[in-house]
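Encoded as structure tokens, the structure appears first; notes follow it.
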Amino acid sequence: MEQLKSSPPNSSPLTPVGFLERAATVYADCPSIIYNSTTYTWAETYLRCLKMASSISSLGIRRGDVVSVVAPNIPAMYELHFAIPMAGAVLHTVNLRLDSRTISVVLHHAQSKLVFVDYQSESVVLEALSLFPANSERPLIVLIEDDGESRIPSSKSDMYGNYEELILNGDPNFHWVRPESEFDPLTLNYTSGTTSSPKGVVHSHRGTFIMALDSLIEWSVPKEPVYLWTLPMFHSNGWSYTWGMAASGGTNVCLRKFDAAAVYAAIRKYKVTHMCGAPVVLNMLTNVPGGKPLERPHGYGLTETGGVVVSCTWKKKWNKLPAEEKARIKARQGVRTPGMTEVDVIYPESGKSVKRDGKTLGEIVLRGSCIMLGYLKDPEANAKAMKNGWFYTGDVGVMHPDGYLEIKDRSKDVIISGGENLSSVEVESVLYTHPAVNEAAVVARPDEFWGETPCAFLSLKEGVKEKPTEKEVVAFCRSKLPHYMVPKTV
Numbered sequence: 040m041e042q043l044k045s046s047p048p049n050s051s052p053l054t055p056v057g058f059l060e061r062a063a064t065v066y067a068d069c070p071s072i073i074y075n076s077t078t079y080t081w082a083e084t085y086l087r088c089l090k091m092a093s094s095i096s097s098l099g100i101r102r103g104d105v106v107s108v109v110a111p112n113i114p115a116m117y118e119l120h121f122a123i124p125m126a127g128a129v130l131h132t133v134n135l136r137l138d139s140r141t142i143s144v145v146l147h148h149a150q151s152k153l154v155f156v157d158y159q160s161e162s163v164v165l166e167a168l169s170l171f172p173a174n175s176e177r178p179l180i181v182l183i184e185d186d187g188e189s190r191i192p193s194s195k196s197d198m199y200g201n202y203e204e205l206i207l208n209g210d211p212n213f214h215w216v217r218p219e220s221e222f223d224p225l226t227l228n229y230t231s232g233t234t235s236s237p238k239g240v241v242h243s244h245r246g247t248f249i250m251a252l253d254s255l256i257e258w259s260v261p262k263e264p265v266y267l268w269t270l271p272m273f274h275s276n277g278w279s280y281t282w283g284m285a286a287s288g289g290t291n292v293c294l295r296k297f298d299a300a301a302v303y304a305a306i307r308k309y310k311v312t313h314m315c316g317a318p319v320v321l322n323m324l325t326n327v328p329g330g331k332p333l334e335r336p337h338g339y340g341l342t343e344t345g346g347v348v349v350s351c352t353w354k355k356k357w358n359k360l361p362a363e364e365k366a367r368i369k370a371r372q373g374v375r376t377p378g379m380t381e382v383d384v385i386y387p388e389s390g391k392s393v394k395r396d397g398k399t400l401g402e403i404v405l406r407g408s409c410i411m412l413g414y415l416k417d418p419e420a421n422a423k424a425m426k427n428g429w430f431y432t433g434d435v436g437v438m439h440p441d442g443y444l445e446i447k448d449r450s451k452d453v454i455i456s457g458g459e460n461l462s463s464v465e466v467e468s469v470l471y472t473h474p475a476v477n478e479a480a481v482v483a484r485p486d487e488f489w490g491e492t493p494c495a496f497l498s499l500k501e502g503v504k505e506k507p508t509e510k511e512v513v514a515f516c517r518s519k520l521p522h523y524m525v526p527k528t529v
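Right under this line is the structure:
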């Protein structure tokens, strides 16, 4: 046995980019992308990505160079998740909500060589480039137009060309660039965290390959699903479902902009089977007139994990429980997904596991192949987050006796009142049970006597006839929470 080791036939680098190549064979004539009146098949998508990769390479982009994308959930955004790494480059998707100053910071820090820009973001990106330090190299710009509309760039000298022109001129026989190692970087995503400037999170081909397949397994995604893109692809690369849909031969239904009514219309029109979204998205869907209930399994992940690595896996025996008890269980984040190695809650000082009593607070730590390679050019942050064989999330949680994890707060957001640590998330969860509350946020407010006290910010549901007073909200919380956790101001 000792003589049997890895060799070229059994150690080919894992990469999710290969999912597209397979999809072009297995699902060649099946729809890959639907966007307004445009539909592509998997064979067409593979060819478009191959030709785009060829054109990217012809622009002088080499292995390991960073190529950025500033675009919403449109076909080009999906295609570039494959075309950029097929050219050997690192994919960097930019949050559309960022201002020009922040975009300038991340593009410069990433040393981006090429930026694909949706026409609606053209002006903000050009503004960002104008803020680059003097004498620093600026990336080339490629404009992504929409629906065949022709637009004149704001500054032709800053534009290399047009997205569709690059595909048209690409080589259909291009041999895409495979990773030399499965630990080669695949993606770069920036996260601001809660206390610092943006940090560049780098993920490997291997980690993303595992994350994509893990998501399909844990969330019971079958072959040829119909996936609606309500989750921004720029957000952790759509939790790796960008590549997962190619692995399963799914249909990607793209929406340029989230609109609750449009989501329900798309679900009906295309017979959507799956979608992802943050709680705020699901909340908007819940409040749409005429909407119908949807199944909503949930989980926990971070930009640093590339997707969801803990899920509230439901047990059939829980179906017999009273509604309130089911809601309590459902509020937990759950257990590790099949692709995750280990999840624990520890005392940060000692590194020892906390009691599994559902009460003792500790920091959530993770270990598994989908954990990031690290933060780009930030050894101090890497040393703080990656130590003792764990990734320290900065999230505070408890572990229940049955092994299910429950998040209580970000470590920076824990409110210390009169020496007691209290979870803003726990207070928010109670506020959400108030019949008039649509959204809730709880923060620490300085207090001369207690040090800090909870302060609640609320938005109310549409159509609420009687607006609750501050005293009524406080009384509601007092009936459900220990006195020290009750908001003092609303």
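The numbering of the sequence shown is our numbering, which starts it at 40 and goes up by one. Backbone N, C-alpha and C define an ideal beta-carbon position, used for all residues, glycine too.
1. Excluding five sequence neighbours on each side, which residues of the same chain lie with their C-beta closer than 8 Å to the C-beta of Val34?
2. Going by DSSP, which residues form a beta bridge with Arg484?
3. Would you call Gln372 buried or exposed, if buried means 16 or more other Cβ atoms sit within 10 Å of its Cβ?
4. For Asp486, which of Arg517, Tyr523, Ile385 and Asn358 has the nearest alpha-carbon?
5. Taking only runs that begin and end inside the segment 47 to 95, name each unbroken alpha helix (DSSP H) of 4 or more residues, in chain order.
6. May I have the straight-line CA-CA distance separating Leu270 from Asp157, to the nearest angstrom?
7. Compute the Euclidean distance between the alpha carbons of Leu227 and Leu415, then round it to the nearest angstrom.
8. If I follow the unbroken alpha helix (DSSP H) through Lys369, where does it start and stop?
9. Exposed or buried, which one is Asp434 when buried takes at least 16 other CB atoms within 10 Å?
10. If you follow the beta strand (DSSP E) that Glu505 is in, where does it begin and where does it stop?
11. Let me know if Pro387 comes out buried or exposed under the rule of 16 or more other beta-carbons within 10 Å of its beta-carbon.
12. Is the distance from the Cβ of Ala115 to the Cβ of Phe155 below 8 Å?
13. Let me check understanding here. Comparing Cα to Cα, which of Leu444, Asp417 and Cys409 lies closest to Asp10?
14. Taking 7 Å as the cut-off, is the C-beta of Tyr339 nearer than that to any heavy atom in the ligand ADP?
15. How would you write the range of the beta strand (DSSP E) that Lys238 sits in, first residue to last?
16. State yes or no: is the C-beta of Ser96 within less than 8 Å of the C-beta of Ala126?
17. Should Asn276 go down as buried or exposed, given a rule of 16 or more other Cβ atoms within 10 Å for buried?
18. Could you please give me the residues that DSSP links to Glu402 through a beta bridge?
19. On a CA-only basis, which of Asp104, Tyr280 and Val105 is nearest Pro55? Give me that one, please.
20. What does Leu461 pair with, by DSSP beta-bridge criteria?
21. Alpha carbon to alpha carbon, how far is Phe297 from Leu499? Give it in angstroms, no decimals.
22. Taking the C-alpha atoms as reference points, what is the distance between Val382 and Gly442?
23. What span of residues does the beta strand (DSSP E) with Pro318 cover, start to end?
24. DSSP state of Ser175, grouped into three classes?
25. Determine, using beta carbons only, whether Ala286 and Leu252 come nearer to each other than 8 Å.
26. Straight-line CA distance for Phe213 to Thr77?
27. Using 10 angstroms around the beta-carbon of Leu341, count the other beta-carbons present and answer buried if the total reaches 16, otherwise exposed.
28. Assuming Cys516 contacts Leu470 under a Cβ cut-off of 8 Å, what Cβ separation, rounded to an integer in Å, is found between them?
29. What does a CB cutoff of less than 7 Å around Lys506 pick up in its chain, not counting 5 residues either side in sequence?
30. Please look up how many angstroms separate the CB atoms of Thr141 and Pro237, rounded, as I've assumed it's under 8 Å.
31. For Val348, I'd like the list of residues in its chain whose CB is within less than 6 Å of its CB, leaving aside the five on either flank, ordered along the chain.
32. DSSP three-state call for Leu165: helix, strand or coil?
33. Using the Cβ count rule (16 or more neighbours within 10 Å means buried), how would you classify Gly428?
34. Comparing alpha-carbon positions, which option in Leu182, Lys519, Ser456 and Ile403 lies nearest Tyr431?
35. If you draw a straight line from the C-alpha of Asn49 to the C-alpha of Arg101, how long is it?
36. Taking Ser107 as part of the beta strand (DSSP E), name the residues at either end of that continuous run.
Let's see:
1. It is not possible to answer for residue 34, since the shown part of the chain is limited to 40 through 529.
2. Thr492
3. buried
4. Tyr523
5. 57 to 65
6. 18 Å
7. 8 Å
8. Ala362 to Lys369
9. buried
10. Neither: Glu505 is in no beta strand (DSSP E) and is coded neither H nor E.
11. exposed
12. yes
13. Given a span of 40 to 529 for the chain in the structure shown, any question on residue 10 remains unanswerable.
14. Judged by which ligands are present, the structure shown has none, so any question about the ligand ADP falls away.
15. Lys238 to Ser243
16. yes
17. buried
18. Ile385 and Val435
19. Tyr280
20. Ile454
21. 21 Å
22. 10 Å
23. It is not in any beta strand (DSSP E) - Pro318 instead sits in the alpha helix (DSSP H) that spans Pro318 to Thr325.
24. coil
25. yes
26. 25 Å
27. buried
28. 7 Å
29. Leu499
30. 7 Å
31. Gly340, Thr376 and Met379
32. helix
33. exposed
34. Ile403
35. 27 Å
36. Val105 to Val109
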